[in-house]
Each structure stands twice: as structure tokens, then as C-alpha cells.
Amino acid sequence: MPIIQPAEPGQGKLLPVTGHYVVEYLEALKKRAVRVYRVTKTASGEYHAEAIDPSAVLGLSGAERDQKHFLVERDWMSQAFAETDRMDTLLAPLVRLDPQERSRAVSALKTALAELKVKKAEPEAKARVIMDTVSQVFLLNKASLKLKVSDVTIHEKTLARDTDAIMGTALEFAEDPALMAGLFSCFQDLSNGQTINHVLRVFTSYTSFLRRYQGWHQAGLSRNLRKVFPSVYRRTYDALLPGLEDRLMTSDQVLQLSDLGFLDQKEFTLGAFLHDIGKMGNIDYFESDLAYDAEQIQQHVFLGAGLILMNYGNSHDGARMMAGDHHNALGHPGGYGLTRLERERGMRKSVPTLRVLGSDSRSFVSGESLGWLPVEMLAVVDVYDAMTDNSRSYKKGMTPAQAVVFLEETMAASGKLDPLLVDLYIDELRLRGVDVPPDRGYAFKTKA
Ligand SMILES: [Fe+2]
Ligand SMILES: [Fe+2]
């Protein structure tokens, strides 16, 4: 459809959307008085855009709503987001500090956290201090990012090293179930739609998921999966790997569920912490099929990965790839990411795909695996968090029950998230006390 600009002055660029989009965001569009236009074709073949009351879309048939025959102001959603996200305000004073001051601040926070570990205090109170501390560390990291490698000084390097050490402390905290429960109960206060709060929730949830995974792994997850794979998962994975030889279609071949030692866990925790560091204050953190500005959103993974390489150096490939590839969606055309971009540019050679989850980054980079375990775990946690976030000014969040159905029936079924990891995450949520349906998840599907 040609771009149509209504002949009214003062209008921004317009985005063609479907009727479903208008229905989905109806409340927010009305509340913010966002102009909605309907495009019609005249008998002589000309297009006309006419301003409509967005509620009128409710009276249209499904087929009419399917068409991208509506226009909305392109920036309305990012404006709504920017109005509620205070990240820029929080960052400004930290950006003004000199590098040494920021580095000292992180070092002090590292010491404070280490001391907190041995302090006797209520888990709830401790949890609150941890959240505040981690939030400050994130903002200080963000304020220290450089666009040129020549701008990175010893202070940024020290700050990165201290942040890495803080990840180790965070993992040790995660061993205490009462403290983890305290951290999760802080989530209620972290639901005001801001990027920093998304980061804190994803970081905490991911750390918990990682530890739970390792527990399951040690308790024989792979052995159990081998038995149930043909009857429970085989069909789903057939769809993800069409044409794979029959003899290769086993759980051991298709899913390399590696053992994650402390150092691996620390690196992946760092990756979850920094995964959206390339995000600017005014962009949303989940790209739905109705993305309002895909290009702007996509930038955050390339920027984030580049920034981690600069400040953290090349010994943090894991964290860098988690930032760069957490929207890869197992290579689905609807996803995007650094590794895939490098492949498209001919910087990476591809080999035939043999599995869904690889145990190391190399098999993902070569294309032998559609995804890499820690990155795909992050993708599941990230999407769940974005879908359940109830606080964005333009969209209502899903309930946990709706979100897990969405993860399984939309994201995993279309090949964008790994089906096994989705099921394991549903179990993880249940164990955390989240109200998810009893008839979903790995434990339910595989019980004899
Ligand atoms: Fe992201
Ligand atoms: Fe995210």
C-alpha cells in the first residue's frame, strides 16, 4: 500500500496497521486521543485516508480487520513509553560523574553487597537492598558505555570487573530460597513499566531459572528426557527441524543440555543483567508482530553487544552474545540478531542445521544449532516478562496463565522459542509460587 499522508498539517509520519492493532490498543489510543485513519480505495483507484473514531473498528468483520488499512501516528507508542520511563532522568546525574567516580561507586556497591551476605537481617529487607544496589550498578554500567574503544579507560575496565564480581555474589544469594522469595516479592514494586525494572525482573528470574535448570540437570533431566522425547516432544521438534534424518531425531542430538558450572552461570547471569543495555529510554522491550518501529527496536541488540565488547573486552563472549542474540527466535524470520547479521554479511560460514539447542556458542555461530542454551533460556524469560508487564501505559499485561499459554501456543508453536525450555520455565514459575495452569509444563507432560 502506498504511504498516504492526510492533508492535515501537524501530523507526524503514519504507520499502516491492521484493524486488530487498533482493537488491541483501543483504550490507549482513545485515552491519548491518537488520530486513527481508515484508508479506502475509490472507484477510480485512488486511496483516501479519513479520520475515524477508533471504536468504529469494533464493528468491522474479521476479514476487514485483517487488512492493513488503518493508519496511526508512528510515534504514539514510543511517546507513551517515554513519558513513563524515567531511565533518562535516573541516568543523567551518573553520566555527569567522571569515570573514576562511577568506578568507585560500583566498587563501593560491590563491598556493600558482600557485607550484606553475612549480615543478619530479614530476607525481605535484604532483598530490597539488593534490588536497589543492582539497579544502581546497572545504571552506572549504562552511564559508562562508550562508543569508541579509545574512550574506554582503566576506570571502565575496573567497573566491568567489579560488576562481574557482583554477579558472583548475586549467584551466591540465589542459593538462599528465603532471599529469592524476598526478591520475587519485590516484583510488585517493580511494575511501573520502566526499562530498569524489566532489567531487574529478568535478571532475578533468569538467575533463579539458571540455578533450577542446573539442579534438574544434575538430577538426570537428560536421562528422563531420552525416555519421554519420542512420545511427548518428537512431533514438535520435527516441525523445527524439517528434513532432519530420522536417526538424528533424538533428544540427545537435538537438545544439548549442558552442565553449567559456577563460572558459566556467572557469565550468563552477567548476560541477563546486560541484555538490554543497548536500549534507549524511549523504546519498548518486546517486539510483537505489530511492532511500531522495528528498526529502532532492533538496534538495541547490536548496540548492546558492541558496548559489552568495548567495556568488558573479548573474554565475555557469552554475555555479548546474550545481548546480541536474545531476539534471534531460533532463526525464525520474525527474529533478529547479531550472529545472524554477521552470517548474512558473509562473516560467518554456515553448516547444515542438526539441532535446536547447542551446548556451546560455536555450534550456534556456525548454524549447526538454531540456538544456544543460555541465550534461549533468556529469550523465554524475556518474553514472559514483557507479556506479563501490567504497567505499560499503552497495553494491559497478560495474567501468568495467559502468558504461559502464549509462550507455548504462539511462541513455541511457531518455532520462535524452544518448546522444552518453555515447559521447564512453566515448572520454574510454578515452583516460585506463580499461579500457572496445572496442566502445563514439563513435569505434567512427562509424568507417567
Ligand atoms: Fe531486548
Ligand atoms: Fe529484555
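At the far end of the sequence shown sits residue 1891, using the numbering used here, and the numbering has no gaps.
Ideal placement from N, C-alpha and C gives every residue a C-beta, glycine not left out.
On a predicted model such as this, the values are computed, not experimentally measured, just so you know.
ask   = What's the gap between the Cα of residue 1750 and the Cα of residue 1701?
value = The residue you call residue 1750 lines up with position 307 of the sequence shown. The residue you call residue 1701 lines up with position 258 of the sequence shown. When the Cα atoms are used, residue 1750 and residue 1701 turn out to be separated by approximately 28 Å.
query = In chain order, what residues of the same chain have a beta carbon less than 6 Å from the beta carbon of residue 1625, not counting five sequence neighbours either side?
reply = Sequence index remark: in the sequence shown, residue 1625 carries index 182 (1-based). Around residue 1625: 1566, 1567, 1570.
Cβ contact check for the stretch 1765-1774 and the stretch 1614-1622: 3 or more pairs under 8 Å = The stretch 1765-1774 is not in contact with the stretch 1614-1622.
query = Mind checking whether residue 1712 and residue 1784 have CB atoms under 8 Å apart?
reply = Here residue 1712 corresponds to residue number 269 of the sequence shown, with the count starting at 1. Here residue 1784 corresponds to residue number 341 of the sequence shown, with the count starting at 1. No; because the gap between Cβ atoms is not below 8 Å, this pair is not in contact.
query = Buried or exposed: residue 1521, going by 16 or more other Cβ atoms within 10 Å of its Cβ?
reply = Working through the sequence shown from its first residue, we reach residue 1521 at position 78. With 16 or more other CB atoms across the displayed protein chains lying within 10 angstroms of its CB, residue 1521 is buried.
query = Is residue 1700 helix, strand or coil by DSSP?
reply = Residue numbering aside, residue 1700 sits at position 257 when the sequence shown is read from its first letter. The answer is coil: DSSP assigns residue 1700 none of H, G, I, E or B.
message = Any contact between the stretch 1461-1475 and the stretch 1487-1504? By contact I mean 3 or more CB pairs, one from each, below 8 Å.
response = Touching, yes.
Segment contact flag, the stretch 1854-1872 with the stretch 1802-1811, C-beta cutoff 8 Å, min 3 pairs = Touching, no, given that fewer than three Cβ pairs across the two stretches are closer than 8 Å.
key: Proximity to residue 1821 [Cα-Cα], best of 1800, 1793, 1686   = Your numbering for residue 1821 matches position 378 in the sequence shown. Taking only the C-alpha atoms, the option nearest residue 1821 is 1800.
query = residue 1560: which of 1666, 1573, 1850, 1833 sits nearest, CA to CA?
reply = Along the sequence shown, one-based indexing puts residue 1560 at 117. Among 1666, 1573, 1850, 1833, the Cα nearest to that of residue 1560 belongs to 1573.
request  = Kindly identify the DSSP beta-bridge partner or partners of residue 1793.
outcome  = Counted from its first residue, the sequence shown places residue 1793 at position 350. Per DSSP, none; premise fails for residue 1793.
Delimiting residues of the alpha helix (DSSP H) encompassing residue 1858 = Numbered from its first residue, the sequence shown carries residue 1858 at position 415. Looking at the DSSP string, residue 1858 is not in any alpha helix (DSSP H), and its letter there is neither H nor E.
Spatial distance of residue 1681 from residue 1578 (CA atoms) = Locating residue 1681 in the sequence shown gives position 238, counting from the first residue. Locating residue 1578 in the sequence shown gives position 135, counting from the first residue. Rounded to the nearest angstrom, the two C-alpha atoms are 42 Å apart.
query = Can you tell me the Cα-Cα spacing of residue 1463 and residue 1581, whole angstroms?
reply = Residue numbering aside, residue 1463 sits at position 20 when the sequence shown is read from its first letter. Residue numbering aside, residue 1581 sits at position 138 when the sequence shown is read from its first letter. Going by C-alpha positions, residue 1463 is about 37 Å away from residue 1581.
query = Which first and last residues belong to the beta strand (DSSP E) in which residue 1476 is found?
reply = Here residue 1476 is taken as the residue at index 33 of the sequence shown, counted from 1. In the DSSP annotation of this structure, residue 1476 is not part of any beta strand (DSSP E), being labelled neither H nor E.
inquiry  = Let me confirm a value: residue 1790 is counted as buried when at least 16 other C-beta atoms fall within 10 Å, else exposed. Which label applies?
reply    = Here residue 1790 refers to the residue found at position 347 when the sequence shown is read from its first residue. With fewer than 16 other beta carbons inside 10 angstroms of its own, residue 1790 counts as exposed.
task = Could you give the DSSP three-state label for residue 1494: helix, strand or coil?
result = Position 51 of the sequence shown, counted from the start, is the residue given in the question as residue 1494. In this structure, DSSP gives residue 1494 an extended state, which the three-state scheme calls strand.
task = Output the distance between the C-alpha atoms of residue 1611 and residue 1516, rounded to the nearest integer angstrom.
result = Residue 1611 sits at position 168 when you count from the first residue of the sequence shown. Residue 1516 sits at position 73 when you count from the first residue of the sequence shown. Between the alpha carbons of residue 1611 and residue 1516 lies a gap of roughly 45 Å.
ask   = Quick one: what's residue 1516 bridged to in DSSP?
value = Here residue 1516 corresponds to residue number 73 of the sequence shown, with the count starting at 1. Looking at the DSSP output, residue 1516 sits in a beta bridge with 1457.
Alpha helix (DSSP H) segments (min. 4 residues) lying fully within the stretch 1765-1828 = Here the runs fully enclosed are 1781-1787, 1804-1808.
ask   = Contact check, residue 1545 vs residue 1587 under 8 Å by CB: the rounded distance?
value = Here residue 1545 corresponds to residue number 102 of the sequence shown, with the count starting at 1. Here residue 1587 corresponds to residue number 144 of the sequence shown, with the count starting at 1. Going by Cβ atoms, the distance from residue 1545 to residue 1587 rounds to 5 Å, so yes, they are a contact pair.
key: residue 1828 CB to nearest heavy atom of ligand 1 below 7 Å   = Against the sequence shown, residue 1828 aligns to sequence position 385. Short note on residue 1828: C-beta not closer than 7 Å to any heavy atom of ligand 1.
task = Specify whether the stretch 1531-1543 and the stretch 1485-1495 touch according to this definition: at least 3 beta carbon pairs, one from each stretch, less than 8 Å apart.
result = Under the Cβ criterion (8 Å, minimum of three pairs), the stretch 1531-1543 does not count as touching the stretch 1485-1495.
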